[in-house]
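> Counting along the sequence shown from 1, when you hit position 222 you're at 222 in this note's numbering, and nothing is skipped either side. A virtual CB, placed ideally from N, CA and C, is assigned to each residue, including glycine. Below are the C-alpha cells for one structure; questions will follow.
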Amino acid sequence: MLNFAVGPVMMEDEILKIGSKQIPYFRTEEFSNLMLENEKLLKQCVNAPISSRVIFLTASGTAAMEATVMNLFTNKDKVLVINGGSFGKRFKEICDTHYIESDEIKLNYCEALTKAHFAPFEDKNYTALLINVHETSTGVLYDMKLVKDFCQKNNLLLVVDAISSFLADPYDMSEYGANVTILSSQKAIALPPGMSYIIVDPKTQERIKNNKVKSIYFNFKDYLIDGERGQTPYTPAVSNLIQLNKKLQIITDRGINYEIKKVLKLAEDFRLRIKGLPLEIASSNPSNALTSLKPKGKMNAIQIFNHLKDYYGIFVVPNGGELAKVIFRVGHIGALTLEDNTKLIKVLNEMYERGIL
Ligand SMILES: *Cc1c(COP(=O)(O)O)cnc(C)c1O
C-alpha cells in the first residue's frame, strides 16, 4: 500500500512498533510525567505564549473544533468564520448547532484570502475569528499576517485549526497572535487517528473557567485541572500518547524546520514532475501539505482516484460534494519519500501514455 492521503498518513516503523505493544496502566507517576513532557514539547513546537496549556482530547479533530466552540462561546457572542471549503463550513455548522451567532467570509474554492475580503467585516463587534489555517479540502494556505492584523485591530480572539498545516508549513502561535491552536494526531505528526491537542493561551483559559458548558466529556475545565498533574479526566488513547511522546522527541531533536523542509521538498518535487501531464494545480497559495489537482484530460477527479486505488493500490484523496469530479488531492505528509513520488509519477505517466488519463 502507498498512501498519499492527508490523514491518516504513512507512519514510521518506530511509531508502528509502539502501537503493537501492550498498553500500560495510566494513572501513574510515569504516565503523568510523559504527559507533562508532551505538553511542554507541543507548546515548544507551536511557540505557544508563556503559561499556555494543552488539552488532550481523545477524539478526532472535528470534536476538538466543536468542543472549542462549546467551551469558549455562548449565545452572547458573535463570531466570524473563514469559509473556504469543507472545514470552514464545518466551523460554521458547529456554531449554528450550538446557537452561537456567526457570520462568514465565504471564499470561492481554491481562492486565497486577501485584505479585501476583510473590509466589510471591520468594526462589527465580533468576539472571535475562527479559521482553518490550511483549508484541507482545497489546499489553500491562508495568510496569517492578514488574519493577525484584522484580529488585533478589531480586538478579536483568534481560534486557529492548524490540524493539516502543523509540521507542513511554518506555524507560530505567538507571532500570529493566536489564542487557541487545534491540532490532531493523524496529519503531519503521523500518528494513528484518535487524539486532538488544543493549545490555549492564558486569556482563553480564563474564558474556559468562566463559561458553563453543557457537557461532561467535553468540559475543558476538568482537562485543565487534571492536566496540571499530567492526567486527563477520562481514559485517553494511551498508546497514541506514548507514540506522541516518541514523535515529539524526534521532532524537537531534529528541529521543527527539518520536518517542514521535508514536506516542502516532497511538494516541490511532485509539483515540478507533474508538468506535462493533464493535471493543473488548482489552489492559490498552496500549503506544503498537499497539492490539489484539476484534471484537464480524459478522466475526471473521482475516476483518477478510483483507478489509482483499484489498479495500483495507491491512495490519493478524493473530494466530496460538488468538487468530487473537479479536483483530487495528493498529500505530502507522513512517512513518504521522493521514491514514493517517483512511483506515483510513473503510474500517472503510464496512464497518460496509454491514453486514459
Ligand atoms: C483533518 C482535519 C480536521 C479533522 O477531521 P477529523 O476527520 O474530525 O479528524 C479538522 N480540520 C482540518 C483543517 C483538517 O484537515
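Name the one or two DSSP bridge partners that glutamate 104 has.
In the DSSP output, where bridge partners are listed per residue, glutamate 104 has Val81.
> Indicate the three-state DSSP secondary structure (helix, strand or coil) for methionine 10 in the structure shown.
If DSSP states are grouped into helix, strand and coil, methionine 10 belongs with coil.
> Could you have a look at glycine 331 and say whether DSSP puts it in helix, strand or coil?
Note: glycine 331 maps to strand in three-state DSSP.
> Considering just the uninterrupted stretch of the beta strand (DSSP E) at serine 196, what are its terminal residues?
Start and end: 195 to 200.
> At the level of alpha carbons, what is the spacing between threonine 138 and isoleucine 281?
One C-alpha to the other measures close to 11 Å.
> I need the straight-line Cα distance from lysine 124 to lysine 43, nearest angstrom please.
The straight-line gap from Cα to Cα measures roughly 32 Å.
> Does the Cβ of asparagine 132 lie closer than 6 Å to at least one heavy atom of ligand 1?
True, at least one ligand heavy atom lies under 6 Å from that Cβ.
> Where does threonine 136 sit, in a helix, a strand or coil, going by DSSP?
Here threonine 136 sits in coil by DSSP.
> Among Gln303, Leu244, Glu104, Val46, which one has its Cα closest to the Cα of leucine 80?
With distances taken between Cα atoms, leucine 80 lies closest to Glu104.
> Looking at C-beta atoms only, is the number of pairs between the stretch 197 to 209 and the stretch 168 to 182 that lie closer than 8 Å three or more?
Touching, yes, given that three or more Cβ pairs across the two stretches are closer than 8 Å.
> Report the rounded CA-to-CA distance for glycine 177 versus leucine 129, giving the unit in angstroms.
One C-alpha to the other measures close to 12 Å.
> Given 8 Å as the limit, is there contact between the stretch 64 to 72 and the stretch 208 to 216, that is, 3 or more CB pairs closer than that?
Touching, yes, given that three or more Cβ pairs across the two stretches are closer than 8 Å.
> Are the stretch 50 to 65 and the stretch 180 to 198 touching, with three or more C-beta to C-beta distances below 8 Å?
Short answer: they touch.
> Could you tell me the alpha carbon to alpha carbon distance between asparagine 285 and leucine 157, rounded to whole angstroms?
In a straight line, the C-alpha of asparagine 285 is about 25 Å away from that of leucine 157.
> Which value, in whole angstroms, describes the spacing of the CA atoms of asparagine 319 and cysteine 95?
Taking the straight line from one Cα to the other gives about 24 Å.
> Leaving out five residues on either side along the sequence, give the residues of the same chain with a beta carbon under 6 Å from the beta carbon of tyrosine 312.
Cβ neighbours of tyrosine 312 beyond the five flanking positions: Val347.
> Taking its Cβ as the centre, do 16 or more other Cβ atoms sit within 10 Å of lysine 262, making it buried, or is it exposed?
Buried: at least 16 other Cβ atoms inside 10 Å.
> Output yes or no for whether 7 Å exceeds the beta carbon distance between phenylalanine 328 and leucine 272.
It is not a contact, given that the beta carbons lie outside the stated cut-off.
> Report the option in Phe118, Thr97, Ile100 whose CA atom is closest to the CA atom of lysine 106.
Nearest option by C-alpha distance: Phe118.
> Is serine 20 buried or exposed, if buried means 16 or more other CB atoms sit within 10 Å of its CB?
Looking at its Cβ environment, which holds fewer than 16 other Cβ atoms inside 10 Å, serine 20 is exposed.
> Is it buried or exposed for lysine 145, if we count other Cβ within 10 angstroms and need 16 for buried?
Its Cβ having fewer than 16 others within 10 Å, lysine 145 is exposed.
> Is any heavy atom in ligand 1 found nearer than 6 Å to the beta carbon of phenylalanine 91?
No, ligand 1 has no heavy atom inside 6 Å of this Cβ.
> What residues are listed by DSSP as bridge partners for arginine 53?
Beta-bridge pairing links arginine 53 to Val200.
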